[in-house]
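To start, the structure itself, in structure tokens.
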Amino acid sequence: DAKTTQPPSMDCAEGRAANLPCNHSTISGNEYVYWYRQIHSQGPQYIIHGLKNNETNEMASLIITEDRKSSTLILPHATLRDTAVYYCIVRSQAAGNKLTFGGGTRVLVKP
Amino acid sequence: SAVISQKPSRDICQRGTSLTIQCQVDSQVTMMFWYRQQPGQSLTLIATANQGSEATYESGFVIDKFPISRPNLTFSTLTVSNMSPEDSSIYLCSVEVTGKMWTEAFFGQGTRLTVV
Chain X
3 DAKTTQPPSM DCAEGRAANL PCNHSTISGN EYVYWYRQIH SQGPQYIIHG LKNNETNEMA
63 SLIITEDRKS STLILPHATL RDTAVYYCIV RSQAAGNKLT FGGGTRVLVK P
Chain R
145 SAVISQKPSR DICQRGTSLT IQCQVDSQVT MMFWYRQQPG QSLTLIATAN QGSEATYESG
205 FVIDKFPISR PNLTFSTLTV SNMSPEDSSI YLCSVEVTGK MWTEAFFGQG TRLTVV
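Heads up: the protein sequence lines correspond to chains X and R, in order.
According to the working numbering, the first sequence is numbered sequentially starting from 3.
According to the working numbering, the second sequence is numbered sequentially starting from 145.
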């Protein structure tokens, strides 16, 4: 699986949008971009994923550049409960293809 | 979706002893995964467990240290053997659910292990 690069940490103001970048310059054509987050003392939780089109769900939006070498996860209105470590992962859809976690971005939402 | 229950949620163990962690899923799944998360670190895959076959271990992890059982499609155990303080970590069980359009991973809450 392709490696990803994320900033180690970022702060965000409550109620504002949080934009989390991820570089995945070696992504291959059949690999999707997945985002997970891990709130303290819990297991990782799926947020969103995409291949090449922008995606939106009830939790977040995912913007993938046209060349697919980078993406941005957007939390539209950050709350204190969004404080977590956010992991950007690229992987193919083949069953059993393991998730390779990088360092993630530690997001602190401040009042 | 899948709901995963792990037991115990936490434990404090003496060095040299072994601990078996249980992972129960509310649906049948082909593959189950065991991860380790050392303090302040990201998740590292230990092994992949398929029902009816031996687990596949990642580089740096061996069966003698982390034996895994997978007796059926909803249950697995991971044993941390002959523990030392360096084994103090969170151990997480994970499964994959494949739908029509995508594959999603679900995780248990983890087992926080402290070795003294």
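Ideal Cβ placement from N, Cα and C applies to all residues, glycine included.
In this text the structure is predicted, and so the values were computed from the model without any measurement.
Beta-carbon of residue i versus every beta-carbon of chain X: anything under 8 Å?
i	result
Trp178/R	no
Gly204/R	no
Glu251/R	In the sequence on display, residue 251/R carries Phe and not Glu. Phe251/R counts as touching chain X.
Leu189/R	yes
Thr192/R	yes
Leu257/R	no
Gly254/R	yes
Ser186/R	yes
At the 8 Å Cβ level, is residue i part of the contact set with chain R, yes or no?
i	result
His51/X	yes
Gln44/X	yes
Lys54/X	no
Lys71/X	no
Tyr48/X	yes
Leu101/X	yes
Gln8/X	no
Gly106/X	yes
Where does residue i sit, in a helix, a strand or coil, going by DSSP?
i	result
Leu222/R	strand
Glu33/X	strand
Arg83/X	helix
Asp69/X	coil
Glu198/R	coil
Pro229/R	helix
His51/X	strand
Phe251/R	strand
Pro215/R	strand
Lys5/X	coil
Ala193/R	strand
Ala20/X	strand
Glu57/X	strand
Trp178/R	strand
Asp155/R	strand
Gln95/X	coil
Asp170/R	coil
Ser203/R	coil
Ala146/R	coil
Could you tell me the distance, in whole angstroms, from the CA atom of residue i to the CA atom of residue j?
i	j	result
Leu22/X	Ile76/X	6 Å
Tyr201/R	Pro113/X	44 Å
Gly52/X	Asn25/X	14 Å
Leu217/R	Val173/R	5 Å
Arg180/R	His79/X	32 Å
Ala86/X	Val111/X	9 Å
Tyr235/R	Thr107/X	21 Å
Tyr36/X	Asn226/R	36 Å
Ser27/X	Gly104/X	14 Å
Phe251/R	Lys100/X	13 Å
Ser43/X	Lys71/X	31 Å
Thr74/X	Gly17/X	18 Å
Glu230/R	Gly254/R	17 Å
Val260/R	Pro183/R	15 Å
Pro9/X	Gln40/X	16 Å
Ser94/X	Asp170/R	25 Å
Pro46/X	Leu163/R	23 Å
Met273/R	Arg256/R	In the structure as shown, chain R starts at 145 and stops at 260, and residue 273/R therefore has no counterpart that could be examined.
Phe219/R	Thr6/X	32 Å
Tell me whether residue i counts as near the ligand GTP, meaning its Cβ is closer than 7 Å to at least one heavy atom of that ligand.
i	result
Arg159/R	Although the ligand GTP was asked about, the structure shown includes no ligands whatsoever.
Taking Cβ-Cβ distances shorter than 7 Å, what residues in chain A pair up with residue i?
i	result
Glu248/R	In the displayed structure, chain A is absent; the protein chains listed are X and R.
Rounded C-beta distance between residue i and residue j? I'm assuming under 8 Å.
i	j	result
Glu248/R	Tyr34/X	With 8 Å as the limit, Glu248/R and Tyr34/X do not qualify as a contact, their Cβ atoms being about 11 Å apart.
Ala193/R	Ile212/R	5 Å
Within the chosen definition, does the segment 59-69 of chain X reach the segment 145-159 of chain R through at least 3 CB pairs nearer than 8 Å?
-> no
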